[in-house]
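Below is one structure, written out as structure tokens; the observations come after it.
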Amino acid sequence: MDAAERRDYIFFECNFSRNVWQSVLHLCSIHRAVRTWSLELAWAILKLKGKSLLVAILKLAWSACLYVIWRQRNKRYFGVSFLTEDAVLVQIKEIVRDCLGGRPTNRIDHVNTLLCTYWGIIG
Numbered sequence: 001m002d003a004a005e006r007r008d009y010i011f012f013e014c015n016f017s018r019n020v021w022q023s024v025l026h027l028c029s030i031h032r033a034v035r036t037w038s039l040e041l042a043w044a045i046l047k048l049k050g051k052s053l054l055v056a057i058l059k060l061a062w063s064a065c066l067y068v069i070w071r072q073r074n075k076r077y078f079g080v081s082f083l084t085e086d087a088v089l090v091q092i093k094e095i096v097r098d099c100l101g102g103r104p105t106n107r108i109d110h111v112n113t114l115l116c117t118y119w120g121i122i123g
């Protein structure tokens, strides 16, 4: 198995990472199937532009998801206990919340209000 195949498996061919990323998308009210690494990366490059709260959350969540999943991969690889999908999602939400907490947010916008509620962002 070459490096690209390992990367593709870790992000998002294995059920663990696919389910975590699917949960992140659902928290952003994006309801679509998770695809391959290459297609998810292409989607992120195409869609994650602008300064909306949704884009800010997705950019942070993308980075946090990759970081936390990679850390879980290392824990499994080195025989250290690892977290459940739900616990990983909690960590991702905490990273996003810590980065965006206190940021002024247009709460008149219904989408922003829902996003803040789903992600636990206080602004």
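Under the UniProt record's numbering, the first residue of the sequence shown is numbered 1, with each subsequent residue one higher. Backbone N, C-alpha and C fix where the C-beta goes; we use that ideal spot for every residue, glycine too.
Whole angstroms is fine: what's the gap from leucine 83's alpha carbon to glutamine 72's? Pairing leucine 83 with glutamine 72, the inter-Cα distance amounts to about 7 Å.
In angstroms, rounded to a whole number, what distance separates the CA positions of isoleucine 121 and lysine 93? 9 Å
According to the neighbour-count rule (16 or more other Cβ atoms, all chains shown, within 10 Å of its Cβ), is alanine 3 buried or exposed? With fewer than 16 Cβ atoms within 10 Å of its Cβ, alanine 3 is classed as exposed.
Is alanine 61 closer than 9 Å to valine 34 when the C-beta atoms are compared? no
First and last residue of the uninterrupted alpha helix (DSSP H) at phenylalanine 16: 15-27
Got a sec, what are the start and stop residues for the alpha helix (DSSP H) isoleucine 121 sits in? From DSSP, isoleucine 121 is part of no alpha helix (DSSP H); its letter is neither H nor E.
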